[in-house]
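Count along the sequence shown starting at 1, add 1, and that's the number in this note's numbering. Everything on this sheet refers to the single structure shown next.
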Amino acid sequence: MARRTPPRGVIVAVSVGAALLVAALAGGRPGRDGPPLDPRSDGPLGTSALVSLLEALDAEVSLATGLPAQGDDVALLLRDDLDDEQLDLVLDWVEDGGRLVVTDPGSPLTPLTVDRALLDLPTGPISGGSCNIEALAAVEEVEAGSAERYEITPGVEWCFREGDGAYVVTGEVGAGDIVAIGGAAALTNELLDEHDNAVLAAALLAPEPATAVRFLDPPVPAGGGDESLIDLIPPGVERALLQLGVAFVLYAVWRAIRLGRPVREDQPVRIAGSELVAAVGRLLGRTRRPDAAAAAIRGRLRRRLRSRLGVPESAPDDVLVGMVESRTGLAAEDVTVALGDHPVHDDDGLVAVARTSSSVTSEVLR
Numbered sequence: 002m003a004r005r006t007p008p009r010g011v012i013v014a015v016s017v018g019a020a021l022l023v024a025a026l027a028g029g030r031p032g033r034d035g036p037p038l039d040p041r042s043d044g045p046l047g048t049s050a051l052v053s054l055l056e057a058l059d060a061e062v063s064l065a066t067g068l069p070a071q072g073d074d075v076a077l078l079l080r081d082d083l084d085d086e087q088l089d090l091v092l093d094w095v096e097d098g099g100r101l102v103v104t105d106p107g108s109p110l111t112p113l114t115v116d117r118a119l120l121d122l123p124t125g126p127i128s129g130g131s132c133n134i135e136a137l138a139a140v141e142e143v144e145a146g147s148a149e150r151y152e153i154t155p156g157v158e159w160c161f162r163e164g165d166g167a168y169v170v171t172g173e174v175g176a177g178d179i180v181a182i183g184g185a186a187a188l189t190n191e192l193l194d195e196h197d198n199a200v201l202a203a204a205l206l207a208p209e210p211a212t213a214v215r216f217l218d219p220p221v222p223a224g225g226g227d228e229s230l231i232d233l234i235p236p237g238v239e240r241a242l243l244q245l246g247v248a249f250v251l252y253a254v255w256r257a258i259r260l261g262r263p264v265r266e267d268q269p270v271r272i273a274g275s276e277l278v279a280a281v282g283r284l285l286g287r288t289r290r291p292d293a294a295a296a297a298i299r300g301r302l303r304r305r306l307r308s309r310l311g312v313p314e315s316a317p318d319d320v321l322v323g324m325v326e327s328r329t330g331l332a333a334e335d336v337t338v339a340l341g342d343h344p345v346h347d348d349d350g351l352v353a354v355a356r357t358s359s360s361v362t363s364e365v366l367r
């Protein structure tokens, strides 16, 4: 019993489906990777783990774009993108009693940093050491990566002090206070569970249950922002476009390959030159203008003969007649009837032109 071959459509459908599955598996599980320090990002440099920690401590976390409002207790500024107007509004909020935690050493809201070369900073975790911030008394050691140290000036409190600099400093601003941390690395997903990093975050951001914590994400001014349209495409859309591209390539390859043995195709029927000329003559004869029909037949025959015999258009018809006569052996009168310019007044004359043209065509152009 002959084994049946699956239809080509089924084979192609299975192949495309397998390719899409491979592309999806290669892309991995859709994650929430985003820019560094993004509270919605699960990547190593994101801060989604910090959001989960604060929510586990019963804090009310807000990720909405905007500046801190009256109902916010603590605002976290991971990266300072504030313009001058937004900076003034944040400072007004702090003076009204809010706490601002800043992890960007380059922000104008933080004290000046100390030259790292002057401190001779050791590598590895930072020990608590000298600390006069009561809220951080339980924090013994943190892993802060390559963190900066702030200058210790009169009127500020510090923790993790080394010489004239400290990793954490805090100072009062009106009725509120600003806490400056020498870098955001300790709060990222990659390092939050190292040493006492989580304890540091909890002590500064959610010291009590129901603390309202805002991840400060300032609104972009009209026309601002440094992201292109491509940067705004979600990762899921990119994966979908990749899968569509793979499917298109497979479809194009499939269409380019002809499966099975070559199929014999019937060639179009070739009409003999004599029949074609006669048919044209009959068609034009129906117009009751035999002279015009004869002129059309002769013109077409002249063009074909000039092309085959290499006679230029400028050569007189006598030259063409002589060459046809010498090559075919036809009588000069017959060749003249087919190629000459004498008028045709009736159907008999048109038939004569068609017949002699057919004879010339069969002899010269065969």
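C-beta atoms are modelled at their ideal positions from N, C-alpha and C, and glycine is treated no differently.
- As for any alpha helix (DSSP H) of minimum length 4 sitting wholly inside the segment 312-351, the runs are 318-329 and 333-340, ordered along the chain.
- With a cutoff of 7 Å on beta-carbon distance, His196 and Glu144 are scored as near each other.
- Collapsing the DSSP output to three states places Thr171 in a strand.
- According to the DSSP secondary-structure assignment, Trp159 is paired through a beta bridge with Val170.
- At least 7 Å separates the beta-carbon of Asp73 from that of Ala181.
- Within a 10 Å sphere around the beta-carbon of Ser131 sit fewer than 16 other beta-carbons, which makes this residue exposed.
- Closest by C-alpha distance to Val174, out of Tyr151, Arg215 and Gly98, is Gly98.
- For Asp178, the uninterrupted beta strand (DSSP E) run begins and ends at Gly177 to Ile182, by DSSP.
- At the C-beta level, Ala76 and Leu101 come within 7 Å of one another.
- Partner residues in the beta bridge of Thr114, as assigned by DSSP, are Tyr151.
- The segment 48-65 makes no contact with the segment 82-97: fewer than 3 CB pairs, one atom from each, lie closer than 8 Å.
- Around the beta carbon of Val238, fewer than 16 other beta carbons lie within 10 angstroms, which makes this residue exposed.
- Thr189 and Asp178 do not touch by the CB rule: their CB atoms are close to 24 Å apart, not below 8 Å.
- Per DSSP, Glu144 lies in no alpha helix (DSSP H) segment and is marked neither H nor E.
- Excluding its 5 nearest sequence neighbours in each direction, Leu321 has C-beta neighbours in its own chain below 7 Å: Arg303, Leu306, Arg307, Val312 and Leu340, listed in chain order.
- Under the DSSP assignment, Val75 falls in the beta strand (DSSP E) whose first and last residues are Val75 to Leu78.
- Bridge partners of Gly67 according to DSSP: Asp218.
- Judged by DSSP in its simplified three-state form, Ile127 adopts strand.
- Counting the other Cβ atoms within 10 Å of the Cβ of Leu192 gives 16 or more, which makes it buried.
- Listed as beta-bridge partners of Glu364 by DSSP are no residues whatsoever.
- The three-state secondary structure of Val103, taken from DSSP, is strand.
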